[in-house]
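Numbered as in the UniProt record's numbering, the sequence shown ends at 182 without a single skipped number. Backbone N, C-alpha and C define an ideal beta-carbon position, used for all residues, glycine too.
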Amino acid sequence: KNLRRLSRENQCQLEGNIRCVVVHPTLPYVLSSSDDMLVKLWDWEKGWVCTQIFEGHSHYVMQVTFNLKDTNTFASASLDRTIKIWNLGSPDPNFTLDAHLKGVNCVDYFTGGDKPYLITGFDDHNAKVCDYQTKTKSCVQTLDEHTHNVSAIRFHSELPIIITGYEDGTVRICHIATNFAC
1 KNLRRLSREN QCQLEGNIRC VVVHPTLPYV LSSSDDMLVK LWDWEKGWVC TQIFEGHSHY
61 VMQVTFNLKD TNTFASASLD RTIKIWNLGS PDPNFTLDAH LKGVNCVDYF TGGDKPYLIT
121 GFDDHNAKVC DYQTKTKSCV QTLDEHTHNV SAIRFHSELP IIITGYEDGT VRICHIATNF
181 AC
């Protein structure tokens with residue numbers, strides 16, 4: 001709906017090495033993440049003004065994604081080995097997941113069912129499913145180790161599967177119903 005109102009005059013150019021952009025599902029916002037270790041919130045209805053900067057990572061921010069169950073919340077994945085959960089309007093992260101020994105390349109929220117899960121992909125060849133609402137914010141499952149870094153990851157919006165992509169070109173499909181077997 002909001003994207004249909006965009007025109008050539010509403011385009012912008014972001015500075016730096018942008019790693020990811022994601023459009024808010026209902027508001028005129030775009031989040032960007034980049035090598036400057038920042039996540040920025042842009043409002044296209046205000047002429048692409050940067051309305052908020054989220055600081056806290058100490059290395060490149062590789063990906064951001066909105067939580068479709070709570071669109072005021074988003075996650076960021078960084079090569080500083082952390083995943084941070086943020087709220088729009090707050091400069092500080094709600095919490096940080098320190099789950100790996102190497103960088104985090106990708107993150108996605110589970111949108112099916114009632115499980116509060118994030119899935120994350122790393123430079124240590126693993127993907128992990130983490131429960132972000134438990135007191136300990138623990139990872140509940142590690143997907144089978146691969147021989148290359150995880151470069152892309154997605155929960156399917158309707159089917160109980162996770163799709164992972166690796167730097168060697170391999171794609172794997174893991175089934176949630178079978179304890180994440182790939």
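Proximity of residue i and residue j at Cβ, strictly below 7 Å
i: L38; j: T51; result: no
i: N94; j: I85; result: yes
i: V111; j: K128; result: According to the sequence shown, residue 111 is Thr rather than Val. Contact: no.
i: C106; j: I163; result: no
i: residue 189; j: L31; result: Since the first residue of the chain shown is 1 and the last is 182, residue 189 is not available in this structure.
i: G121; j: V150; result: yes
i: K137; j: L97; result: yes
Three-way DSSP call (helix, strand, coil) for residue i in this model
i: I162; result: strand
i: E167; result: coil
i: P44; result: Here residue 44 is Trp; the residue named in the question, Pro, does not match the sequence. Here W44 sits in helix by DSSP.
i: K1; result: Low per-residue confidence applies at K1: pLDDT is 43, beneath 50, and the placement is therefore not dependable enough to give any value.
i: Y132; result: coil
i: N126; result: coil
i: N17; result: coil
i: S151; result: strand
Boundaries of the beta strand (DSSP E) in which residue i is found, first to last residue
i: L31; result: 29-34
i: M37; result: Element bounds for M37: n/a, residue is neither H nor E.
i: T51; result: 49-54
i: L97; result: 95-98
Counterpart residues of residue i in DSSP-defined beta bridges
i: S78; result: V61
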